[in-house]
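S.K.: If you read the sequences in order, they're chains A and B.
103 is the number of the first residue of the first sequence in my numbering; add one for each residue after it.
103 is the number of the first residue of the second sequence in my numbering; add one for each residue after it.
Where a beta carbon is used, it is the ideal one built from N, C-alpha and C, also for glycine.
Following this message is one structure expressed as structure tokens.
Number of protein chains: 2
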Amino acid sequence: MTVTTPAGFRAAGVTAGLKPSGRSDLALVVNDGPLAVAAGVFTTNRVVAAPVVWSRTAVADGVARAVVLNSGGANACTGPEGFADTHRTAEHLAAALGIDSQDVLVCSTGLIGERLPMEKLLAGIDAAVAAVADRSTDGGDAAAAAIMTTDTVAKTVHVPGPDASDDATGPAWSVGGMAKGAGMLAPGLATMLVVLTTDAVVDAERADAALRGATRRTFDRVDSDGCMSTNDTVLLLASGASGVTPGAGELEAALELACAKLARALVADAEGASHDIAVTVRNASSEDAAVAVARAVTRSNLFKAAIFGNDPNWGRVLAAAGTVPESVAPYDPLTLDVSINGVQVCRAGGVGEDRTLVDLAGAREVRVELDLHAGDAEATVWTNDLTHDYVHENSAYST
Amino acid sequence: MTVTTPAGFRAAGVTAGLKPSGRSDLALVVNDGPLAVAAGVFTTNRVVAAPVVWSRTAVADGVARAVVLNSGGANACTGPEGFADTHRTAEHLAAALGIDSQDVLVCSTGLIGERLPMEKLLAGIDAAVAAVADRSTDGGDAAAAAIMTTDTVAKTVHVPGPDASDDATGPAWSVGGMAKGAGMLAPGLATMLVVLTTDAVVDAERADAALRGATRRTFDRVDSDGCMSTNDTVLLLASGASGVTPGAGELEAALELACAKLARALVADAEGASHDIAVTVRNASSEDAAVAVARAVTRSNLFKAAIFGNDPNWGRVLAAAGTVPESVAPYDPLTLDVSINGVQVCRAGGVGEDRTLVDLAGAREVRVELDLHAGDAEATVWTNDLTHDYVHENSAYST
């Protein structure tokens, strides 16, 4: 149940030898059509990796026929030579598949500031092309495994469209997907690479709007450590192989659900985390205000360290909320209520129920709810606790 | 060499019993005049502790005769009752000293969301008043010790004014100070309480301008963990006891130097840090742009964790810089240079000198220099690395 579950897609994951670990590190997804519709959302970081520069341009016409993704190297901060490497990657795959290089999208993830070993990578592409030529094997799961870096599990998703109403054959189309990412998750995306596929009939404009809407409410509301990657990419490929055009809102709903499931899986696998934390801000003056306050809480190292210590330290929630300017999120600090896992530990800006009633030690999931009493908008941002393992993993990553 | 070194000040530090540890926890600084000039800078957090609400108002007229500071409890998020506690604290001290309660400033630090044990605190004030009545003892160091929370050392400073030019008696006036703070350091101040004293002759307007200028370039450029406290307070008291009015810029320079030394001491004592990190941004289009980029780097958990691992991971410096909008800090990502402890590891946005030439293992201090090639402005922001001990200390703090 992955990128190859919708009709019209083939995929492979192979070992090109980019990773010291010897694990698989190169993935390929091919859209066999009949449509070759594509959309992409990329990091908003001003320092972007070469593959982002390439793919942003290549997808701008709404057409793509293949995506090649490598782990084992981000190809970021590698100068003009790094861009030439990405260009060569696209040309090589295009030649092997007999398509235009402008219809090839490229994604990379791994260490910043190091060139990719191109001979290994190009040989890996040949191996991946050979693998997808063998139609007896479904390479969807292998592709999802090949894009992992510090991920502990491969992340895939499949969301069927609504059942066809006039017969019992089940959904006519679906959305599949795969993602990698286990840290550096931040708004404007994360070090996350995501490929979504659908066999629905959709044009480029609808694909782009649907992908942006879904991303804004899912991946953009995951904030593992406040750090924004140079490589974040979310791609949607549509083959049209089902022959069915989804009704109004149907593709959008399925896509958002697929993105939500993958985003949740990213949080659950965040580097070194022991708790998944959902910060929900209610009764804000606007959705943007709710997101801003929730984001401030999810970015507080002190709050996140407290949760690691199973300490329902609501004072740190308030201190973080207080850093959001009134122009962004109007509220009266003396009316704020906070509940943690259902216990209202803060009432009207002061002490509420006994904090010892909150038992965090036994719960992976922590639900923080902050009521602003300033309107009726609401948003949830997900993060993780700040742990010894996070520090360890991120201090040892490049060594 | 502390708050009592300038003439006209008395201080004390006593044990009121607010801290479970039994260490001293209540400090008093009295300005004997002849002037009673005061200025204050406070947290910009919208969620502020009761003593901040009180002191902000009390200092607005530029007059104060005493400051009482307690550790062992922040009196934040304690509602109207918490404000009544602060009010009562000021009234009690004012009565004991025979002054107006509006001339008493109050500072608190410690856990958020708990009421202070007022009977103990008021008895502590009586003890402190008795201590300052004994003029044979200099309580400056005792006061600095009594405001410590997770600080490992008391932080004091003394900066003499310029030598008088017409005799050999040395400086006619000076600036003294004390500070507490060892975490939650952030712009718009930190969980830091600072009291500065001077025996220079200065009016309220000059004191306020000098304090704001000094704070902006010192305490506001320390960012230990990006978290902003509810209690931050920096106070300046001027006694005028030297009878000397400093020349243009002289008081301002001495005050800024005193603040810079205390800010540096706060970084050096930050919770669980193993490296002090100075991020200097050069050739920015404006000082604000330089500060914004430097601050983005000092707030990157990934960068800070890398430094803990003695990894000169310059890619994380660029990734952090790239999160600053172009409207705030214009620069071309392909021209960025980064050096770490003098080794230019990144040149023109790509790989520079061999990163293994940077030896961080033996250095407490790490100097990161980022050249934007976009102007001639410069700024430095200080932070610390993100360590196991930071996580431990901040997860265990309230338990």
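For the candidate residues 432/B, 363/B, 227/B and 355/B, whose alpha-carbon lies nearest to that of residue 384/B?
M.R.: Of the candidates 432/B, 363/B, 227/B and 355/B, the one whose C-alpha sits nearest the C-alpha of residue 384/B is 432/B.
S.K.: Under 8 Å Cβ to Cβ from residue 290/A, same chain only, skipping five residues before and after it: list those, please.
M.R.: Unreliable placement is indicated for residue 290/A, whose pLDDT of 36 sits below 50; the coordinate value is still reported in the next sentence. Correct list, in chain order: 145, 146, 147, 322, 330 and 334.
S.K.: Under a CB-based cut-off of 8 Å, is residue 283/B close to chain A?
M.R.: Output row for residue 283/B: interface = no.
S.K.: Going by C-alpha to C-alpha distance, which of 189/B, 213/B and 479/B sits closest to residue 159/B?
M.R.: It is 189/B.
S.K.: Quick one, which residues of the segment 138-158 of chain A are near chain B if we go by CB-CB under 7 Å, in chain order?
M.R.: Those residues of the segment 138-158 of chain A that come within reach of chain B (Cβ to Cβ, closer than 7 Å) are 147, 148 and 149.
S.K.: Hey, would you say residue 129/B sits closer than 8 Å to residue 227/B, going by beta carbons?
M.R.: For residue 129/B and residue 227/B, no; Cβs fall outside 8 Å.
S.K.: Going by Cα to Cα distance, which pick from 134/A, 466/A and 122/A is closest to residue 218/A?
M.R.: For the residues 134/A, 466/A and 122/A, the minimum Cα distance to residue 218/A belongs to 122/A.
S.K.: Indicate the three-state DSSP secondary structure (helix, strand or coil) for residue 292/B in the structure shown.
M.R.: Confidence in residue 292/B is poor, its pLDDT being 44 and thus under 50, which makes the residue's placement unreliable; the coordinate value appears in the next sentence. It is coil, neither helix nor strand.
S.K.: Output yes or no for whether 8 Å exceeds the beta carbon distance between residue 466/A and residue 378/A.
M.R.: Going by C-beta atoms, residue 466/A is nearer than 8 Å to residue 378/A.
S.K.: Taking 8 Å as the cut-off, does the segment 346-354 of chain A touch the segment 421-429 of chain A (at least 3 CB pairs, one atom from each stretch)?
M.R.: With a cut-off of 8 Å, the segment 346-354 of chain A and the segment 421-429 of chain A do not count as touching, because too few Cβ pairs lie within range.
S.K.: Where do the ends of the alpha helix (DSSP H) carrying residue 156/A lie?
M.R.: Start and end: 152-160.
S.K.: Would a check of beta-carbon distances place residue 331/A closer than 8 Å to chain B?
M.R.: Judged by the 8 Å Cβ criterion, residue 331/A is in contact with chain B.
S.K.: From the DSSP secondary-structure annotation, give me the bridge partner or partners of residue 111/B.
M.R.: Answer is 133/B, bridged to residue 111/B.
S.K.: Pick out whichever of 109/B, 157/B and 406/B has its Cα sitting closest to the Cα of residue 136/B.
M.R.: The shortest C-alpha separation from residue 136/B is found at 109/B.
S.K.: How is residue 379/B classed by DSSP in three states: helix, strand or coil?
M.R.: Residue state, collapsed to three classes: strand.
S.K.: May I ask you to list, following chain order, the residues of the segment 356-375 of chain A that have a beta carbon less than 9 Å from some beta carbon of chain B?
M.R.: Against chain B - using a Cβ distance shorter than 9 Å - the segment 356-375 of chain A contributes no residues.
S.K.: Using Cβ-Cβ distances below 9 Å, what residues of the segment 167-198 of chain B are close to chain E?
M.R.: Judged by its chain identifiers, the structure shown contains no chain E, and its protein chains are A and B.
S.K.: So, helix, strand or coil for residue 467/A, using DSSP?
M.R.: Of the three classes helix, strand and coil, the one that applies to residue 467/A here is strand, per DSSP.
S.K.: Closer than 7 Å between beta carbons: that is the criterion. Which residues of the segment 423-441 of chain B meet it against chain A?
M.R.: Those residues of the segment 423-441 of chain B that come within reach of chain A (Cβ to Cβ, closer than 7 Å) are 423, 424, 425, 428 and 435.
S.K.: Under 8 Å: do the segment 474-484 of chain A and the segment 432-445 of chain A share three or more Cβ pairs, one atom per stretch?
M.R.: At 8 Å Cβ cutoff, the stretches touch.
S.K.: Can you say whether residue 309/A is buried or exposed, counting buried as having 16 or more other CB atoms within 10 angstroms of its CB?
M.R.: When all chains shown are included, residue 309/A counts as buried.
S.K.: Relative to the C-alpha of residue 224/A, which candidate in 116/A, 487/A, 380/A and 482/A has its C-alpha closest?
M.R.: The option with the nearest alpha carbon to residue 224/A is 116/A.
S.K.: Is residue 490/A helix, strand or coil when you go by DSSP?
M.R.: In the structure shown, residue 490/A sits in a helix (DSSP, three-state: H, G or I).
S.K.: Indicate whether at least one CB of chain A lies closer than 8 Å to the CB of residue 504/B.
M.R.: Past the edges of chain B, shown from 103 to 501, lies residue 504/B, and the structure says nothing about it.
S.K.: Residues of the segment 402-415 of chain B in Cβ contact with chain A at a cutoff of 7 Å, in chain order, please.
M.R.: Residues 402, 403, 404, 407, 408, 410, 411, 413 and 415.
S.K.: Residue 142/A: buried (16+ other C-beta within 10 angstroms of its C-beta) or exposed?
M.R.: So residue 142/A ends up on the buried side.
S.K.: For residue 455/A, collect the residues of the same chain with a Cβ closer than 7 Å to its Cβ; drop the 5 residues on either side in sequence, then sort them by chain order.
M.R.: 445, 446 and 447.
S.K.: Does the beta-carbon distance from residue 418/B to residue 402/B come in below 8 Å?
M.R.: Yes; because the gap between Cβ atoms is below 8 Å, this pair is in contact.
S.K.: So residue 338/B is in the beta strand (DSSP E); what residue range does that whole segment cover?
M.R.: That run of the beta strand (DSSP E) goes 335-340.
S.K.: Does the segment 239-247 of chain A come into contact with the segment 302-319 of chain A, if we say contact requires no fewer than three beta-carbon pairs (one atom in each stretch) closer than 8 Å?
M.R.: Touching, no, given that fewer than three Cβ pairs across the two stretches are closer than 8 Å.
S.K.: Out of 233/A, 182/A and 194/A, state which residue places its alpha-carbon closest to the alpha-carbon of residue 216/A.
M.R.: Here the closest residue by C-alpha is 182/A.
S.K.: Pull up the distance between the alpha-carbon of residue 341/B and that of residue 152/B, whole angstroms please.
M.R.: If you take the alpha carbons of residue 341/B and residue 152/B, they lie about 27 Å apart.
S.K.: Within the continuous alpha helix (DSSP H) that includes residue 88/A, where are the two ends?
M.R.: In this structure chain A extends from 103 to 501, so residue 88/A is not present and cannot be described.
S.K.: Give the interface partners of residue 209/B over in chain A, defined as CB-CB distance under 7 Å, in chain order.
M.R.: Near residue 209/B there are no residues of chain A at all, since even the closest Cβ is about 16 Å away, more than 7 Å.
S.K.: Pull up the distance between the alpha-carbon of residue 205/A and that of residue 429/A, whole angstroms please.
M.R.: Their Cα atoms are separated by approximately 44 Å.
S.K.: For residue 392/A, count neighbouring C-beta atoms within 10 Å of its own C-beta (all shown protein chains included) and say buried if the count is 16 or more, exposed if not.
M.R.: Classification of residue 392/A: buried, given that the 10 Å Cβ count is 16 or more.
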